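Enquirer: Shown below is the structure under consideration.
In our numbering, the protein residues as written are 307 to 768.
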């Protein structure tokens with residue numbers, strides 16, 4: 307669960323970077339967070355308590371005086387575990403400014419070194435949020451003893467704009483996420499914040515220590531793990547982020563890139579679809595291109611990716627950078643699977659019931675198992691046949707497919723989400739055959755379900 311995850315991160319990385327544990331203003335939550343962070347040399351506890359009128363009345367049923375007392379009490383408690391304490395007045399953007407100032411001042415007096423000002427429901431606008439931060443800087447007498455932080459949700463599509471407005475007003479920490487992931491419409495996107503501050507350093511005059519050339523690779527990794535595709539026109543890391551199709555734009559680009567490009571693709575690690583390799587390219591050329599694309603692979607992983615490349619080059623004439631990245635993503639950061647697809651056969655057509663015969667290999671029993679099923683379509687039939695073999699009943703919640711590169715022979719990348727045993731599992735695979743990619747992605751998700759113990763499979767994950 308969350309405790310084990312935070313503990314593992316704290317134990318492994320706590321000497322290199324500050325690890326923060328989030329806790330409600332409750333004694334048991336804070337003590338639990340303190341225990342999880344114990345192995346970290348650099349640690350922080352982040353406590354939060356709602357302050358807006360609507361939260362006070364309907365959720366907490368607490369008066370203003372009780373909120374202030376609880377803030378002081380729980381910041382003091384967190385200080386018993388670390389000197390680095392962050393406090394958030396939840397729903398700060400809808401809190402009366404005078405009361406917000408009072409709570410923040412008391413939190414700092416109790417020992418909070420960072421005060422985070424959340425726009426919990428994405429209600430703020432840039433001018434509104436700028437004024438909130440400015441008010442705190444002008445009316446909280448001890449504000450100089452703490453760092454002001456932002457935490458913006460994207461319900462109105464303003465999370466990044468609000469965060470930047472707060473930086474302009476004096477905030478010096480921004481809470482954000484890769485690809486803007488988060489509840490509902492998400493949070494402020496880290497890659498957009500970082501590149502806005504870098505590109506417009508002349509205006510904001512602040513920066514970060516982020517290695518921006520890693521942004522696209524990190525975005526792909528998060529997308530792969532979460533099963534959430536990045537939209538093509540997503541700023542900074544989207545597939546079209548550096549595409550110029552209008553003729554006048556292309557003409558300007560040929561004369562000088564700065565006419566229509568305010569950032570260089572290499573600044574964010576952007577990988578286009580330029581043709582690089584074919585079936586006659588050798589191992590050395592392939593390894594060189596992998597390194598140029600920003601990947602460092604051990605010998606065993608490289609061999610697997612190279613074998614995949616050779617197999618792909620036999621299927622399609624031209625192999626693009628996007629294809630290589632997809633092959634690498636398909637091999638790294640994956641857990642060993644028990645079940646492997648050996649082969650499948652589809653019988654489908656107009657006026658016929660789609661039927662699939664599937665053969666899987668059981669890595670534990672070192673045996674192959676074959677079964678067949680019918681479905682609403684060929685992909686559905688394959689998935690049902692695999693469910694029969696594994697003895698699992700699953701529900702497909704989400705299915706996405708995208709082209710990795712151009713051309714009729716392009717690889718298709720498939721992402722699936724399924725629910726089995728009350729939990730949500732993701733799977734991803736690539737192939738020039740979209741049915742094969744779908745089968746492999748579905749099997750990866752099923753394998754994750756099989757790998758979990760009964761105790762871990764009880765809580766809903768949706």
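Built from N, CA and C at the ideal position, the CB exists for glycine as well. Just so you know, these numbers come straight off a predicted model, no measurement behind them.
Cutting at 8 Å between CB atoms, please list the residues of its own chain near residue 488, excluding the five before and the five after it.
Expert: Taken in chain order, the residues that qualify are 459 and 460.
Enquirer: Between the Cα of residue 714 and those of 705, 737 and 733, spot the shortest distance and give me the residue it belongs to.
Expert: It is 737.
Enquirer: With DSSP as the reference, label residue 754 as helix, strand or coil.
Expert: Of the three classes helix, strand and coil, the one that applies to residue 754 here is helix, per DSSP.
Enquirer: Expressed to the nearest angstrom, what Euclidean distance is found between the alpha-carbon atoms of residue 485 and residue 544?
Expert: Computed Cα separation, rounded: 9 Å.
Enquirer: What does DSSP give as the partner residues of residue 673 in its beta bridges?
Expert: Beta-bridge pairing links residue 673 to 668.
Enquirer: So what does residue 680 bridge to, in DSSP terms?
Expert: Answer is 661.
Enquirer: Within the chosen definition, does the segment 693-702 reach the segment 601-620 through at least 3 CB pairs nearer than 8 Å?
Expert: Verdict: no, contact absent.
Enquirer: Please confirm if the segment 432-444 is in contact with the segment 467-478, defined as three or more CB-CB distances below 8 Å between the two stretches.
Expert: Judged by Cβ distances under 8 Å, the segment 432-444 makes contact with the segment 467-478, as three or more pairs qualify.
Enquirer: Which of helix, strand or coil does DSSP assign to residue 393?
Expert: Residue state, collapsed to three classes: strand.
Enquirer: Quick one: Cα of residue 251 to Cα of residue 415, how far?
Expert: Look at the range of the chain in this structure, 307 to 768, and you will see that residue 251 is not part of it.
Enquirer: According to DSSP, is residue 331 part of a helix, a strand, or is it coil?
Expert: Looking at residue 331 - three-state DSSP - the assignment turns out to be coil, as it is neither helix nor strand.
Enquirer: What does the Cβ neighbour count give for residue 671, buried or exposed, with the cut at 16 atoms within 10 Å?
Expert: Residue 671 comes out exposed.
Enquirer: Terminal residues of the continuous alpha helix (DSSP H) containing residue 513?
Expert: Segment: none, residue 513 is in no alpha helix (DSSP H) and carries neither H nor E.
Enquirer: Rounded to whole angstroms, what's the CA-CA distance from residue 760 to residue 308? Just pull it up for me.
Expert: Reliability of the predicted coordinates at residue 760 is poor, the pLDDT of 43 falling under 50, and the value obtained from them is presented with this limitation in mind. In a straight line, the C-alpha of residue 760 is about 18 Å away from that of residue 308.
Enquirer: How is residue 586 classed by DSSP in three states: helix, strand or coil?
Expert: It is coil, neither helix nor strand.
Enquirer: Compare the C-alpha of residue 637 against each of 750, 409 and 571 and name the closest.
Expert: Checking every option, the nearest Cα to that of residue 637 belongs to 750.
Enquirer: From the DSSP output, which residues share a beta bridge with residue 338?
Expert: DSSP, once it has assigned bridges, lists no residue as partnering residue 338.
Enquirer: Helix, strand or coil for residue 424 per DSSP?
Expert: Residue state, collapsed to three classes: strand.
Enquirer: I'd like the list of long-range same chain contacts for residue 481, defined as Cβ closer than 7 Å, with 5 residues on each side in sequence excluded.
Expert: Hits under 7 Å: 422, 455, 456 and 457.
Enquirer: Relative to the C-alpha of residue 408, which candidate in 546, 634, 621 and 376 has its C-alpha closest?
Expert: Out of 546, 634, 621 and 376, 376 has the C-alpha closest to the C-alpha of residue 408.
Enquirer: Give me, in chain order, the residues of the same chain whose beta-carbon lies closer than 7 Å to that of residue 525; leave out the 5 immediate sequence neighbours on both sides.
Expert: The answer, listed in chain order, is 484, 485, 497, 536 and 543.
Enquirer: Sort 726, 411 and 467 by Cα distance to residue 448 and report the nearest one.
Expert: The shortest C-alpha separation from residue 448 is found at 411.
Enquirer: Starting from residue 653 and walking both ways along the beta strand (DSSP E), at which residues does that stretch end?
Expert: Taken as a continuous stretch (DSSP letters only), the beta strand (DSSP E) holding residue 653 covers 645-653.
Enquirer: May I ask you to list the residues that DSSP assigns as paired with residue 737?
Expert: DSSP, once it has assigned bridges, lists 718 as partnering residue 737.
Enquirer: Hey, could you find the ends of the alpha helix (DSSP H) residue 505 is sitting in?
Expert: Per DSSP, residue 505 belongs to the alpha helix (DSSP H) from 496-505.
Enquirer: May I ask you to verify whether the segment 351-358 touches the segment 400-407, counting CB pairs closer than 8 Å and requiring at least 3?
Expert: Segments in contact, yes.
Enquirer: Any idea if residue 372 is buried or exposed, counting beta-carbon neighbours within 10 angstroms, 16 or more meaning buried?
Expert: It is exposed - the Cβ of residue 372 has fewer than 16 other Cβ atoms within 10 Å.
Enquirer: To the nearest angstrom, how far is it from the Cα of residue 326 to the Cα of residue 316?
Expert: The straight-line gap from Cα to Cα measures roughly 9 Å.
Enquirer: Between the alpha carbons of residue 464 and residue 644, how many angstroms are there, rounded?
Expert: Distance between the alpha carbons of residue 464 and residue 644 is about 44 Å.
Enquirer: In angstroms with no decimal places, state the Cα-to-Cα distance between residue 603 and residue 658.
Expert: Computed Cα separation, rounded: 46 Å.
Enquirer: Residues in its own chain within less than 6 Å of residue 313 by CB, not counting five upstream and five downstream?
Expert: For residue 313, where only same-chain residues beyond five positions count, the Cβ hits under 6 Å are 342.
Enquirer: Using C-beta distances below 8 Å, list every residue in its chain close to residue 668, excluding the 5 sequence neighbours before and after it, in chain order.
Expert: Correct list, in chain order: 644, 645, 674 and 675.
Enquirer: Which two residues bound the contiguous beta strand (DSSP E) that contains residue 549?
Expert: Neither: residue 549 is in no beta strand (DSSP E) and is coded neither H nor E.
Enquirer: How is residue 353 classed by DSSP in three states: helix, strand or coil?
Expert: Here residue 353 sits in strand by DSSP.
Enquirer: Compare the beta carbon distance of residue 349 and residue 388 with 8 Å and say whether it is the shorter of the two.
Expert: Yes, the Cβ-Cβ distance between residue 349 and residue 388 is below 8 Å.
Enquirer: Where does the unbroken beta strand (DSSP E) through residue 457 begin, and where does it stop?
Expert: Taken as a continuous stretch (DSSP letters only), the beta strand (DSSP E) holding residue 457 covers 453-458.
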